[in-house]
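In our numbering, the protein residues as written are 2 to 483.
Pasting the structure below:
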């Protein structure tokens with residue numbers, strides 16, 4: 002029975018059905034698997050389970066030839082964390098399921114705790130988010146003091162309980178020095194990985210968190226080390242952008258990707274409901290229906306908000322003007338695909354843009370036809386009307402946020418290509434950037450500098466009939482260059 006259960010879980014890919022029961026090889030209490038937390042198809046799953054009357058976290062490993070190696074790596078990391086005095090989940094069981102090909106590790110379920118990836122969401126206060134980061138930075142400094150690095154650094158590898166950060170993935174813990182602390186270069190590169198995860202790379206925030214880290218390491222606060230950290234952040238950020246650019250077009254835990262002779266689409270897994278699936282089968286039906294509120298109708302694109310009981314998003318359809326236009330576009334990357342990629346790159350760079358939900362291309366084999374980009378609807382006021390008609394007391398702080406977009410674009414060497422004020426929405430969380438199909442990420446500093454100047458020039462042309470607003474933006478932009 003247990004063999005069929007393990008085989009069934011293995012063959013289920015991402016569609017594992019819980020609950021199920023998994024007997025263990027040593028005839029101890031069976032593992033009652035209740036909730037799926039993470040899955041890497043064909044390789045491993047992480048589940049919330051009941052074992053002997055208590056809740057535990059279970060990691061199941063499925064590759065028969067590699068199970069022992071994976072378990073050994075996990076156990077080595079947990080042992081290193083424990084020896085270093087770093088808070089981590091206690092190991093409760095190490096063994097196999099009855100089929101002897103499925104490895105099983107059971108850990109204590111740390112409760113009550115907060116997933117730091119969730120804590121960094123906008124529903125929590127800025128103060129709570131910064132305090133959580135301080136605890137993660139202190140935990141990372143503790144690792145580095147013991148000669149350890151975390152090779153796969155992301156917020157989901159940390160939990161916060163009683164204002165202490167717990168490291169919860171032993172497989173990512175590596176020694177770089179068993180006889181002393183990690184050196185400055187290795188430490189700063191690892192710290193740069195953490196800072197790249199932030200939605201904002203404001204210099205004051207990085208400086209403050211680096212001071213927390215330096216104190217935890219017992220370092221003097223050296224400006225040269227902070228400069229070196231910024232260089233590593235820039236390098237790591239470019240690496241993250243390259244990796245993300247590939248990942249968003251694949252079937253992963255975050256995205257569903259389906260490709261056939263007639264179409265290609267990618268959709269966020271969390272948004273891929275029955276209603277969304279039906280919409281993607283025939284987007285024009287709803288775009289032309291009574292649930293569509295038209296925002297723009299042009300030769301090159303049609304934009305509408307779709308709002309039903311189950312759906313609420315904006316769809317942008319890129320039109321084919323004529324046969325010659327269609328033939329030329331059929332061999333090029335679609336503008337929907339560009340918008341999908343660019344939206345993710347902006348979010349990685351800490352620039353607000355409506356959350357990308359999906360994109361769809363109609364195809365005839367390798368030839369592309371009509372394409373669609375779907376994203377969240379951005380509530381708010383257009384920047385042109387806000388600065389011309391809005392409250393004068395609110396203009397300065399919002400203008401600083403808007404010019405902050407240029408600073409972040411400059412850091413990531415991204416040009417927008419169409420910086421009309423109507424492409425910026427003033428939202429409670431900050432300015433939101435729209436219309437991304439002309440956006441580019443540059444590899445050449447010279448090419449980027451030219452494109453960046455054009456972006457600024459186009460943006461300032463928005464205010465030719467509002468001289469006070471123009472002077473405000475010119476002053477703020479020039480201040481960034483100093």
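Backbone N, C-alpha and C fix where the C-beta goes; we use that ideal spot for every residue, glycine too. Values in this document were obtained by computation on a predicted structure and should not be read as measured data.
Sheet register partners of residue i (DSSP bridge)
i           : result
residue 294 : 306
residue 362 : 265 and 372
residue 316 : 305 and 375
residue 167 : 160
residue 175 : 150
residue 89  : 168
C-alpha distance - residue i paired with residue j, whole-angstrom precision
i           : j           : result
residue 472 : residue 478 : 10 Å
residue 152 : residue 462 : 46 Å
residue 364 : residue 95  : 50 Å
residue 166 : residue 128 : 16 Å
residue 34  : residue 131 : 35 Å
residue 45  : residue 106 : 11 Å
residue 238 : residue 245 : 10 Å
residue 449 : residue 459 : 15 Å
residue 49  : residue 180 : 37 Å
residue 562 : residue 196 : Since the first residue of the chain shown is 2 and the last is 483, residue 562 is not available in this structure.
residue 212 : residue 262 : 55 Å
residue 236 : residue 75  : 29 Å
residue 475 : residue 394 : 18 Å
residue 63  : residue 259 : 25 Å
residue 203 : residue 168 : 26 Å
residue 291 : residue 276 : 16 Å
residue 77  : residue 66  : 19 Å
residue 51  : residue 270 : 27 Å
residue 299 : residue 278 : 26 Å
residue 293 : residue 352 : 28 Å
residue 108 : residue 24  : 17 Å
residue 255 : residue 411 : 28 Å
residue 267 : residue 303 : 20 Å
residue 373 : residue 288 : 11 Å
Endpoints, the alpha helix (DSSP H) within which residue i is located
i           : result
residue 48  : Counting along the chain, residue 48 falls outside any alpha helix (DSSP H), though it belongs to the beta strand (DSSP E) covering 45–52.
residue 238 : 224–248
residue 454 : 446–461
residue 71  : 68–85
residue 342 : 336–349
residue 286 : 284–288
residue 193 : 185–196
residue 215 : 204–218
Contacts around residue i, its chain only, beta-carbon distance under 7 Å, and the 5 residues preceding and following it disregarded
i           : result
residue 192 : 141, 214 and 230
residue 2   : With a pLDDT of only 39 at residue 2, under the threshold of 50, the placement of this residue in the model should not be trusted, and no figure is reported.
residue 38  : 47, 48 and 49
residue 136 : 161, 164, 165 and 166
Terminal residues of the beta strand (DSSP E) in which residue i lies
i           : result
residue 39  : 32–41
residue 59  : 55–62
residue 92  : 92–97
residue 17  : It is not in any beta strand (DSSP E) - residue 17 carries neither H nor E in the DSSP assignment.
residue 322 : Neither: residue 322 is in no beta strand (DSSP E) and is coded neither H nor E.
residue 257 : 256–260
residue 107 : 104–109
Residues near residue i by beta carbon distance below 8 Å, same chain, minus five either side
i           : result
residue 355 : 315, 344, 376, 377, 378, 379, 433 and 435
residue 301 : 319, 320 and 322
residue 242 : 346, 349, 350, 413 and 442
Spatial neighbours of residue i in its chain, beta-carbon cut-off 6 Å, leaving aside the 5 residues before and after
i           : result
residue 336 : 319 and 438
residue 467 : 389
residue 28  : none
residue 138 : 210, 213 and 214
Legend entry - Runs of beta strand (DSSP E) lying entirely within the region 114–151, each at least 3 residues, in chain order: 149–151
Legend entry - alpha helix (DSSP H) runs wholly inside the region 374–441, at least 4 long, in chain order: 384–390 and 393–413
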